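Chains as they are written, first to last, in our numbering: chain A, 1 to 304; chain B, 305 to 615. We treat Cβ as the ideally placed atom computed from N, Cα and C, and that holds for glycine. Every value quoted in this text rests on a predicted model; they were computed, and no experiment measured them.
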Amino acid sequence: MALAPAPATGRFAKTPHVARKERAQAAAKGVFAVMAAAMVLPLLLIVGYLVWRAWPSLGLEFLLDVPRKGMTEGGIWPAFVGTLYLVVLSLVVSTPIGVMAAVYLNEYARDNWFNRAVNLAVINLAGVPSIVHALFGLGAFVYAARFGYSIVSASLTLAIMTLPVIIASTREALASVPMAFREACWNVGATRWQTIRAVVLPNSISGILTGLILQVSRAAGETAPVMFTGAVFYKSVERGNLFAYALSDQAMALSMHLYTLATQVPNVEESLPYATAVVLLGLVLLVNAAAIALRVFLRGRKRW
Amino acid sequence: MSSDSPLDDAPPRRPRRPRWAVLGERALEALIRVSGVSAIVFVAAIFFFVLREAAPILVSDAFSLTQFLFSPEWYPTSASNVRYGTFALTVGTLSVTALAMLLAVPFGLGAAIYLSEFCAPRVRETLKVTIELLSAIPSVVWGFIGLTVMSRLIVATTGAPVGVNVLNGGIILALMSVPVIVSIGEDALKAVPDSFREAGIALGATRWQLVYRVLVPAARNGLLAAVLLGVGRAVGETMAVLMATGHAVHIPGSLLDSVRTLTANIAAELGEAPVGSDHYRVLFLTGTLLFLITFAVNLAADLVVRGIRRK
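If you want it as structure tokens, here you go:
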């Protein structure tokens with residue numbers, strides 16, 4: 001007697017248990033996807049809304065013009081140049097220290113209690129609240145070092161604040177150079193430093209650059225540390241003049257300009273703070289996008 | 305050594321590097337070592353200089369540490385009876401941070417799990433770039449968004465008299481700390497060895513069973529560290545809460561009350577406090593307190609992470 005063929009759907013049908021676990025799987029995946037998507041949405045909404053509200057003011061004229069009529073009209077040139085000064089000077093200070101610190105941590109440091117303390121200090125430096133950096137800048141640079149309220153004080157404060165950004169990304173870049181490269185170099189008689197200069201740094205320069213770019217974006221956006229060390233409410237500057245400040249001057253900064261426009265200046269033309277926010281946000285996002293693009297481009301070119 | 309040693313027949317040593325090159329290299333390595341320890345120097349310097357400005361108040365008669373920590377009365381410019389109690393500010397910081405974490409932890413960890421376990425590589429790259437951009441938005445821009453967009457939304461939906469309050473600050477801070485939680489959380493999940501996943505799949509587990517039975521328990525410490533770092537970010541945030549939470553120094557009774565946080569208080573009043581006055585010094589003391597809080601949070605996160613590595 002031939003066996004009646006069991007219907008295929010019957011024999012391979014999911015047991016209730018399997019069906020349940022697959023339903024749970026699908027539901028979980030959906031929920032997590034929504035949570036991840038919830039992060040994309042605010043970015044798009046925020047950028048879109050700010051640009052929409054800022055539209056009437058945006059343009060090259062807004063960038064090049066100086067604030068007029070008690071900052072209620074006009075452009076943002078003094079603040080834009082001030083931010084450039086602060087960012088460049090802080091980059092000049094923090095780059096050598098940050099890169100060398102990363103070289104020390106990745107190439108020289110042994111795993112002992114002292115170097116664990118150094119690591120912990122780097123993590124903590126990154127975690128110190130920005131307002132505490134501001135207090136430090138005020139106490140150390142403005143008063144103790146007698147730099148006064150100036151671009152120098154503000155940049156030094158920013159430099160220390162952004163140091164962990166450079167250290168972390170440079171370390172990551174150095175760590176991605178394979179150990180075999182170093183060993184090959186040591187085996188032909190090179191010293192530690194010769195190896196670093198000839199092999200490690202050239203192979204990680206792209207990662208280091210990415211870190212410097214991220215430092216720029218971070219420094220440009222910070223408000224609290226410059227607010228009490230050198231950024232000023234208003235400073236009269238010639239329209240379009242790139243060499244507007246001396247290093248001992250106080251300067252306007254984009255981030256602080258946005259804060260004052262939003263909270264302290266009455267009767268501002270409505271689209272003005274939005275346009276300032278768009279310029280600041282655009283600057284920061286562009287710089288970050290450049291870092292990401294550089295990373296992707298160089299990852300594609302990597303030979304190992 | 306005897307003269308017939310084989311070493312005598314060895315070819316002469318290759319020419320040595322010039323003296324200046326050797327000395328230059330030594331100097332450079334010394335410089336590298338100095339830079340290496342600079343982080344410790346800077347952290348110590350931050351603590352020293354902030355405490356230095358605050359120290360005179362600690363020994364002053366007009367000041368009591370108990371009042372500073374536990375009194376909710378903050379009247380720094382009162383003519384008759386000056387009181388420096390930061391308790392209301394501490395509660396302000398805690399309430400905004402707690403709300404932010406309530407929102408950010410489930411979303412952050414959920415997104416981290418999605419990124420690490422569920423999504424296709426292309427989607428993952430896109431999401432990671434988005435999260436990186438989200439974390440790059442400056443805090444003053446977040447504050448501006450809170451002040452303009454979010455406060456109007458809150459007034460329109462809840463009917464609250466003012467839109468700058470605990471709810472507003474909490475949402476803004478949640479958005480700011482989510483990227484930290486996602487990226488550290490994803491790293492923690494990625495660090496779980498693939499053999500764990502393979503063992504689970506071999507037993508017929510679905511991805512979701514794998515996540516809650518295997519990966520989350522295995523990555524527990526890393527996920528905890530992610531949350532702690534998110535807390536650290538939220539506690540220390542200044543400009544966003546300054547602009548988004550209102551300016552009322554009192555202990556909030558509901559989500560729609562305005563509060564002021566420890567950080568916002570310093571930012572709001574430092575400009576007006578005369579240098580060297582008691583008020584100025586109390587603000588620096590608040591800074592010292594903040595430094596110690598974030599130091600403790602970061603230390604805890606580091607110890608938790610170190611716990612995994614040792615295992």
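Determine the DSSP secondary structure at Ala-231/A, reduced to helix, strand or coil.
-> Stepping through the first sequence from its first residue, residue 231/A is reached at position 231. Here Ala-231/A sits in strand by DSSP.
Answer yes if the stretch 526-540 of chain B comes into contact with the stretch 595-606 of chain B, meaning at least three C-beta pairs across the two stretches below 8 Å, and no otherwise.
-> yes
Quick one: is Tyr-274/A buried, meaning 16 or more other Cβ sit within 10 Å of its Cβ, or exposed?
-> The residue you call residue 274/A lines up with position 274 of the first sequence. With 16 or more other Cβ atoms within 10 Å, it is buried.
Give a yes or no on whether the minimum CB-CB distance between Lys-69/A and chain B is below 8 Å.
-> On the first sequence, position 69 is the one that residue 69/A refers to. No - not a single Cβ of chain B is within 8 Å of the one on Lys-69/A.
So which of Ala-552/B, Gly-340/B, Ala-495/B and Phe-372/B has the shortest CA-CA distance to Val-586/B?
-> Residue numbering aside, residue 586/B sits at position 282 when the second sequence is read from its first letter. Nearest of Ala-552/B, Gly-340/B, Ala-495/B and Phe-372/B to Val-586/B, Cα basis: Phe-372/B.
Separation of Glu-436/B from Ala-349/B, as counted between CA atoms = Taking the first residue of the second sequence as 1, we reach residue 349/B at position 45. Taking the first residue of the second sequence as 1, we reach residue 436/B at position 132. If you take the alpha carbons of Ala-349/B and Glu-436/B, they lie about 31 Å apart.
CA-CA distance, Trp-280/B and Trp-186/A?
-> Because chain B is modelled from 305 through 615, residue 280/B falls outside the range shown and cannot be assessed.
Residue-level contact to chain A via CB, Glu-490/B, 8 Å cutoff = Translated into the one-based positions of the second sequence, residue 490/B becomes position 186. No - not a single Cβ of chain A is within 8 Å of the one on Glu-490/B.
If you compare alpha carbons, which of Lys-21/A, Ala-173/A and Ile-167/A is closest to Arg-295/A?
-> In the first sequence, residue 295/A corresponds to position 295, counting from 1. Comparing Cα positions, the closest option is Ala-173/A.
Stretch pair the stretch 213-233 of chain A + the stretch 140-154 of chain A: three plus CB contacts closer than 8 Å | Yes, they touch.
Looking at Thr-72/A and Val-268/A, is the spacing between their C-beta atoms short of 8 Å?
-> Position 268 of the first sequence holds residue 268/A. Position 72 of the first sequence holds residue 72/A. Yes, they are a contact pair.
May I have the straight-line CA-CA distance separating Ser-443/B from Gly-526/B, to the nearest angstrom?
-> Against the second sequence, residue 443/B aligns to sequence position 139. Against the second sequence, residue 526/B aligns to sequence position 222. C-alpha separation (whole angstroms): 26 Å.
Tell me, which residues are paired with Arg-387/B by DSSP?
-> Here residue 387/B corresponds to residue number 83 of the second sequence, with the count starting at 1. In the DSSP output, where bridge partners are listed per residue, Arg-387/B has Tyr-379/B.
Run down chain B in chain order and give the residues with a C-beta less than 7 Å from the C-beta of Gln-25/A.
-> The residue you call residue 25/A lines up with position 25 of the first sequence. In chain order: Thr-510, Arg-511 and Trp-512.
At which residue ranges does the stretch 128-197 of chain A contain complete alpha helix (DSSP H) runs of 4 or more residues, listed in the order of the chain?
-> 130-137, 151-175, 179-187 and 192-195
Identify every run of the alpha helix (DSSP H) within the stretch 427-470 of chain B, keeping only runs that are complete inside it and at least 4 residues long; order them along the chain.
-> Taking only runs of at least 4 residues, the alpha helix (DSSP H) segments lying wholly in the stretch 427-470 of chain B are 443-449 and 455-462.
Contact set between Val-518/B and chain E, taken where Cβ atoms lie within less than 7 Å = Although the question refers to chain E, the structure presented lacks it and instead comprises the protein chains A and B.
Going along chain B in order, which residues have a C-beta closer than 7 Å to the C-beta of Asn-124/A?
-> To locate residue 124/A, count along the first sequence from 1; it is residue 124. The contacting residues are Val-347, Phe-599 and Asn-602.
Report the rounded CA-to-CA distance for Ala-440/B versus Arg-218/A, giving the unit in angstroms.
-> Taking the first residue of the second sequence as 1, we reach residue 440/B at position 136. Taking the first residue of the first sequence as 1, we reach residue 218/A at position 218. Near 7 Å, if we compare the C-alpha coordinates of Arg-218/A and Ala-440/B.
Keeping to the same chain, check which residues put their C-beta closer than 6 Å to that of Val-199/A; ignore five residues upstream and five downstream.
-> As a position in the first sequence, residue 199/A is number 199, starting the count at 1. Within the same chain, Val-199/A has close Cβ partners Phe-181 and Cys-185.
Starting from Pro-42/A, find everything on chain B with Cβ-Cβ shorter than 8 Å and list it in chain order.
-> Walking along the first sequence from the start, residue 42/A turns up at place 42. In chain order: Leu-438 and Leu-479.
Select from Glu-541/B, Pro-360/B, Ile-485/B and Val-496/B the residue whose C-alpha is nearest the C-alpha of Leu-519/B.
-> For the purposes of this step, residue 519/B is taken as the residue at position 215 of the second sequence. If we check each option's Cα against that of Leu-519/B, Val-496/B comes out closest.
Return the Cβ separation of Gly-98/A and Leu-163/A in integer angstroms, given the expectation that the two are a contact with Cβ distance under 8 Å.
-> To locate residue 98/A, count along the first sequence from 1; it is residue 98. To locate residue 163/A, count along the first sequence from 1; it is residue 163. Yes, they are in contact, since the Cβ atoms of Gly-98/A and Leu-163/A sit about 5 Å apart, within 8 Å.
Report, in whole angstroms, the separation of the C-beta atoms of Ala-54/A and Val-278/A, which I expect to be a contact under 8 Å.
-> Working through the first sequence from its first residue, we reach residue 54/A at position 54. Working through the first sequence from its first residue, we reach residue 278/A at position 278. With a Cβ gap of about 4 Å, Ala-54/A and Val-278/A count as contacting.
First and last residue of the alpha helix (DSSP H) that includes Gly-249/A?
-> Taking the first residue of the first sequence as 1, we reach residue 249/A at position 249. Inspection of the sequence shows that residue 249/A is occupied by Asp rather than by Gly. Taken as a continuous stretch (DSSP letters only), Asp-249/A belongs to no alpha helix (DSSP H), as it is neither H nor E.
Please work out which residues of its chain come closer than 6 Å, Cβ to Cβ, to Phe-32/A, disregarding the five sequence neighbours upstream and downstream, and give them in chain order.
-> In the first sequence, the residue the question calls residue 32/A occupies position 32. If we look at Phe-32/A and ignore the five residues flanking it on each side, it has no Cβ neighbours.
Any Cβ of chain A within less than 8 Å of the Cβ of Met-547/B?
-> Numbered from 1 along the second sequence, position 243 holds the residue referred to as residue 547/B. Closer than 8 Å: yes.
Compare the beta carbon distance of Asp-582/B and Ser-364/B with 8 Å and say whether it is the shorter of the two.
-> Along the second sequence, one-based indexing puts residue 582/B at 278. Along the second sequence, one-based indexing puts residue 364/B at 60. Yes, the Cβ-Cβ distance between Asp-582/B and Ser-364/B is below 8 Å.
Touching or not, the stretch 129-140 of chain A and the stretch 344-358 of chain B, by the rule of three or more beta carbon pairs under 8 Å?
-> yes
Along the alpha helix (DSSP H) that carries Gly-282/A, what are the first and last residues, could you check?
-> Start at 1 with the first residue of the first sequence, and residue 282/A comes out as number 282. Element bounds for Gly-282/A: 271-301.
Span of the alpha helix (DSSP H), counted from its first residue to its last, around Gly-328/B | Here the question's residue 328/B lines up with position 24 in the second sequence. Its alpha helix (DSSP H) spans residues 323-362.
Taking Cβ-Cβ distances below 8 Å as the criterion, which residues of the stretch 563-577 of chain B are in contact with chain A?
-> Thr-567, Ile-570, Ala-571, Leu-574 and Gly-575
Which whole-angstrom value describes the C-beta separation of Met-480/B and Trp-512/B, a residue pair presumed to lie in contact below a C-beta threshold of 8 Å?
-> Within the second sequence, residue 480/B is the residue found at index 176, counting from 1. Within the second sequence, residue 512/B is the residue found at index 208, counting from 1. Incorrect: roughly 29 Å between the Cβ atoms, too far for contact.
Please name the residue in Ala-571/B, Thr-462/B, Val-433/B and Ile-458/B whose C-alpha comes closest to that of Leu-44/A.
-> Here residue 44/A corresponds to residue number 44 of the first sequence, with the count starting at 1. Closest option to Leu-44/A, Cα to Cα, is Val-433/B.
From the DSSP output, which residues share a beta bridge with Gly-74/A?
-> One-based indexing of the first sequence puts residue 74/A at position 74. The partner list for Gly-74/A (beta bridge, DSSP) reads Pro-67/A.
Ala-6/A classed as buried or exposed, judged by whether at least 16 other C-beta atoms fall within 10 angstroms = Looking up residue 6/A in the first sequence gives position 6. Any answer about Ala-6/A is weak, because its pLDDT of 49 lies below 50 and its placement is not dependable; what the coordinates show is given next. Per the 10 Å Cβ criterion, exposed.
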